[in-house]
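What follows is a set of notes on a single structure, which appears directly below.
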Amino acid sequence: MERVFSGIKPSGELHLGNYLGAIRNFVDLQNTAECIFSVVDLHALTVPQEPDDLHRRTLDIARLYVACGIDPAKATIFVQSHVSAHAELGWLLGCFTYFGELRRMTQFKEKSEGQVNVSSGLFTYPVLMAADILLYNADKVPVGEDQKQHLELTRDIAQRINNRFGEIFKVPEPYIPPKSAGGRIMSLDDPLRKMGKSEDPKGTIALLDPPDVIAKKIRSAVTDSGREVYYDEENKPAISNLMVIYSLCSGESLESIADRYGSTGYGVFKKDLADVVISALEPIQKRYQELTEPGRIEAVLEEGRRKAAAIADETLRTFQEKLGIVVPKA
Ligand code: ATP
Ligand code: LTN
101 MERVFSGIKP SGELHLGNYL GAIRNFVDLQ NTAECIFSVV DLHALTVPQE
151 PDDLHRRTLD IARLYVACGI DPAKATIFVQ SHVSAHAELG WLLGCFTYFG
201 ELRRMTQFKE KSEGQVNVSS GLFTYPVLMA ADILLYNADK VPVGEDQKQH
251 LELTRDIAQR INNRFGEIFK VPEPYIPPKS AGGRIMSLDD PLRKMGKSED
301 PKGTIALLDP PDVIAKKIRS AVTDSGREVY YDEENKPAIS NLMVIYSLCS
351 GESLESIADR YGSTGYGVFK KDLADVVISA LEPIQKRYQE LTEPGRIEAV
401 LEEGRRKAAA IADETLRTFQ EKLGIVVPKA
């Protein structure tokens with residue numbers, strides 16, 4: 101059976117971009133592959149975090165994984181920092197990653213731009229991500245388009261090490277939907293920027309936003325010039341983005357949406373879009389509200405930690421031995 105690994109940072113509230121670009125695929129893949137999904141708290145720490153927020157969001161993302169349909173009986177859900185092999189392999193892989201490679205990463209350039217104190221953790225972030233993936237010898241990594249460059253680096257690091265020491269790591273394949281299928285959901289108030297946890301909340305639909313807030317955000321979403329609804333990423337970036345959201349939340353094709361709303365004007369389209377998004381999020385919000393049993397999420401994470409650590413510790417040990425590290429007896 102193929103193995104799948106992915107992770108989400110507890111750096112803010114989960115949003116529709118995370119769901120349509122990534123989590124939706126996690127839910128599908130759990131039926132056909134051995135899936136491991138992490139709440140990557142060490143990655144969130146690469147930018148300043150309030151301790152109380154980090155703590156609450158870490159548990160909250162695990163709860164949302166389950167609310168979105170990830171079944172702990174099928175998939176492993178765990179917190180990255182609970183498995184120390186991530187940090188340890190991260191260090192070792194850093195010794196096989198070049199400064200020039202990391203300097204080219206666009207996410208680093210975007211997140212460090214204009215900041216006075218940029219942590220070295222933000223710079224080496226992709227190395228830790230490579231460790232996350234390689235520890236589990238994942239075949240597939242479902243992510244949004246913004247992670248493509250990090251996955252290419254992961255593959256390069258794995259291949260470099262395999263060339264030097266023999267086949268140690270599986271070289272993972274990215275699993276990224278095209279933009280028209282959710283790989284890059286754009287902000288509602290700037291269709292040229294991606295929807296993100298750390299972006300302005302006006303442009304971001306959080307998975308737990310109440311219906312009236314969702315309706316208001318969609319009503320205020322920027323549109324393109326003209327009044328026709330059709331898909332054209334280049335000339336109609338705002339409407340194309342709203343159409344992708346409509347299509348993925350309703351299951352209707354882009355063509356059929358364009359046929360129906362082509363000449364009704366943006367107002368009618370946006371009003372129906374709000375209904376479609378609210379209905380798609382309703383079952384997730386309902387399940388989230390129901391997951392209140394004390395200790396339930398913590399128990400899922402403990403079981404996940406055990407399963408993840410068993411795999412990760414073994415991979416780490418194999419690599420340490422190949423490197424010539426004197427590995428203590430277990
Ligand atoms: P931040 O804004 O703090 O960097 P983020 O919203 O980009 O956070 P991550 O935790 O980094 O969230 O991403 C989790 C997953 O969601 C990743 O697979 C990422 O590629 C995907 N993703 C994030 N934003 C989008 C988006 N706008 N469209 C599609 N996929 C997305
Ligand atoms: N870098 C990713 C989050 C992430 C991840 C991973 C995704 C960390 N480790 C391993 C897939 C596999 C991001 O910023 N979205």
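Add 100 to a position in the sequence shown, counting from 1, and you land on the number used in this note's numbering.
Think of the CB as a built atom: it goes at the ideal place given N, C-alpha and C, for glycine as much as any other residue.
Shortest alpha-carbon distance to P311 belongs to which of K209, G244, D372 and A144?
-> Position 211 of the sequence shown, counted from the first residue, corresponds to residue 311. For P311, the nearest C-alpha among the options comes from D372.
Pick from T304, L116 and L253 that is closest to S287, judged by C-alpha positions | What you label residue 287 is simply residue 187 of the sequence shown in a count that begins at 1. Put simply, of T304, L116 and L253 the residue whose alpha carbon is nearest the alpha carbon of S287 is T304.
Could you say which of A185, I345, P151 and V376 lies nearest to L235 if we only look at CA atoms?
-> Along the sequence shown, one-based indexing puts residue 235 at 135. Per the Cα distances, A185.
Would the C-beta of Q249 count as close to ligand 2, meaning under 8 Å from any of its heavy atoms?
-> As a working note, residue 249 is residue 149 in the sequence shown. Checking every heavy atom of ligand 2 against the Cβ of Q249, none is found closer than 8 Å.
From which residue to which residue does the alpha helix (DSSP H) around Y346 run?
-> Sequence index remark: in the sequence shown, residue 346 carries index 246 (1-based). DSSP places Y346 in the uninterrupted alpha helix (DSSP H) bounded by P337 to S350.
Determine the burial state of H155: buried for a count of at least 16 other Cβ atoms within 10 Å of its Cβ, exposed for fewer.
-> Position 55 of the sequence shown, counted from the first residue, corresponds to residue 155. Looking at its Cβ environment, which holds fewer than 16 other Cβ atoms inside 10 Å, H155 is exposed.
Run the CB neighbour count on M229, radius 10 Å, all protein chains shown included, and call it buried at 16 or more, exposed below.
-> Taking the first residue of the sequence shown as 1, we reach residue 229 at position 129. It counts as buried.
To the nearest angstrom, report how far apart P274 and V241 are at their CA atoms.
-> Locating residue 274 in the sequence shown gives position 174, counting from the first residue. Locating residue 241 in the sequence shown gives position 141, counting from the first residue. Distance between the alpha carbons of P274 and V241: 5 Å.
Any idea which residues DSSP pairs Y275 with across the strands?
-> As a working mapping, residue 275 is identified with position 175 in the sequence shown. By DSSP's assignment, Y275 forms a beta bridge with P242.
Do I339 and T323 have their CB atoms nearer than 9 Å?
-> Along the sequence shown, read from residue 1 onward, the residue named residue 339 stands at position 239. Along the sequence shown, read from residue 1 onward, the residue named residue 323 stands at position 223. Going by C-beta atoms, I339 is nearer than 9 Å to T323.
Nearest-angstrom Cα distance between K316 and V329?
-> Here residue 316 refers to the residue found at position 216 of the sequence shown. Here residue 329 refers to the residue found at position 229 of the sequence shown. Between the C-alpha atoms of K316 and V329 there is a straight-line separation of about 20 Å.
Compute the Euclidean distance between the alpha carbons of A187 and Q249, then round it to the nearest angstrom.
-> Within the sequence shown, numbered from 1, the residue matching residue 187 stands at position 87. Within the sequence shown, numbered from 1, the residue matching residue 249 stands at position 149. Each residue's alpha carbon lies about 21 Å from the other.
Y388 versus S138: straight-line alpha-carbon distance, rounded | One-based indexing of the sequence shown puts residue 388 at position 288. One-based indexing of the sequence shown puts residue 138 at position 38. Here the alpha carbon of Y388 sits roughly 18 Å from the alpha carbon of S138.
In terms of alpha-carbon separation, which member of V147, D153, I177 and P151 lies closest to V104?
-> The residue labelled residue 104 in the question sits at position 4 within the sequence shown. The candidate whose alpha carbon is nearest that of V104 is I177.
So F137 is in the beta strand (DSSP E); what residue range does that whole segment cover?
-> As a working note, residue 137 is residue 37 in the sequence shown. F137 -> beta strand (DSSP E) spans E134 to V139.
Confirm, please, whether the CB-CB distance from R396 to H182 is below 9 Å.
-> One-based indexing of the sequence shown puts residue 182 at position 82. One-based indexing of the sequence shown puts residue 396 at position 296. It is not a contact, given that the beta carbons lie outside the stated cut-off.
Give me the Cα-Cα distance between G121 and S379, rounded to the nearest whole angstrom.
-> Position 21 of the sequence shown, counted from the start, is the residue given in the question as residue 121. Position 279 of the sequence shown, counted from the start, is the residue given in the question as residue 379. C-alpha separation (whole angstroms): 18 Å.
Measuring from the CB of I177, is there a heavy atom of ligand 2 at a distance below 8 Å?
-> Within the sequence shown, residue 177 is the residue found at index 77, counting from 1. At a threshold of 8 Å, I177 does not count as near ligand 2, since its beta carbon sits no closer than that to any of the ligand's heavy atoms.
Less than 8 Å between the CB atoms is what I'm expecting for R327 and Y361, so what's the real figure, rounded?
-> By one-based count along the sequence shown, residue 327 stands at place 227. By one-based count along the sequence shown, residue 361 stands at place 261. With a Cβ gap of about 10 Å, R327 and Y361 do not count as contacting.
D239 to I276 span [Cα, whole Å] = To locate residue 239, count along the sequence shown from 1; it is residue 139. To locate residue 276, count along the sequence shown from 1; it is residue 176. Roughly 13 Å separates the two Cα atoms.
Is there contact here, the stretch 124-141 with the stretch 157-166, by at least three beta-carbon pairs under 8 Å?
-> Segments in contact, yes.
Enumerate in chain order the residues of its own chain whose CB-to-CB distance from K297 is below 7 Å, with the five nearest sequence positions on each side excluded.
-> Here the question's residue 297 lines up with position 197 in the sequence shown. Close CB contacts of K297 within its chain, under the 7 Å cut and outside five residues either way in sequence, are with S111, G112, E113 and H115 (chain order).
Candidates Q215, Y225 and S219, of which the one nearest E201 by Cα = In the sequence shown, the residue the question calls residue 201 occupies position 101. Nearest option by C-alpha distance: Y225.
Spatial neighbours of I257 within its chain, please: CB distance less than 7 Å, with the 5 preceding and 5 following residues excluded, ordered by chain position.
-> In the sequence shown, residue 257 corresponds to position 157, counting from 1. So the list reads L193, F196, T197 and A230, once near-sequence residues are dropped.
Taking the alpha-carbon positions, what's the P301 to M295 distance?
-> Against the sequence shown, residue 301 aligns to sequence position 201. Against the sequence shown, residue 295 aligns to sequence position 195. So the alpha carbons of these two residues sit roughly 9 Å apart.
Candidates M343, F265, L145 and E150: which alpha carbon is nearest Q420's?
-> For the purposes of this step, residue 420 is taken as residue 320 along the sequence shown, with counting starting at 1. The residue among M343, F265, L145 and E150 with its C-alpha nearest the C-alpha of Q420 is F265.
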